[in-house]
Amino acid sequence: MGWSAAECPLILVGNFRLAIMITACKELGAKNAELVKYMTSGDVTGDYGQVVGYGGIIVK
Numbered sequence: 279m280g281w282s283a284a285e286c287p288l289i290l291v292g293n294f295r296l297a298i299m300i301t302a303c304k305e306l307g308a309k310n311a312e313l314v315k316y317m318t319s320g321d322v323t324g325d326y327g328q329v330v331g332y333g334g335i336i337v338k
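Written out as structure tokens, the structure is:
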């Protein structure tokens, strides 16, 4: 049995790593972040039934 978007709108893999990165960037004086690109696996395969998203972000 699968998941529906209503039941699970977002699963973040690596959430602790992300929290550590954000904390470190703030401690180092970062004030802004810029989304460079966001794509999903569906953009490559054409199958949007189940996708994995990828984002590239520059932290300044």
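Counting from 279, one number per residue, gives the positions in the sequence shown under our numbering.
Glycine included, C-beta positions come from ideal geometry on N, C-alpha and C.
- Look at glycine 320 here: in three-state DSSP terms it is helix.
- Annotation for isoleucine 298: the continuous alpha helix (DSSP H) segment containing it runs 293 to 305.
- The shortest CA-to-CA distance from glycine 334 to any of Tyr326, Leu313, Gly320, Gly327 is the one to Leu313.
- For a cut-off of 8 Å, the C-beta gap from valine 291 to alanine 311 is around 19 Å, too long to register as a contact.
- Taking a contact as a CB-CB distance under 8 Å, the pair threonine 318 and glycine 331 counts as one, their CB atoms being some 5 Å apart.
- Rounded to whole angstroms, the separation of the alpha carbons of leucine 288 and aspartate 321 is 18 Å.
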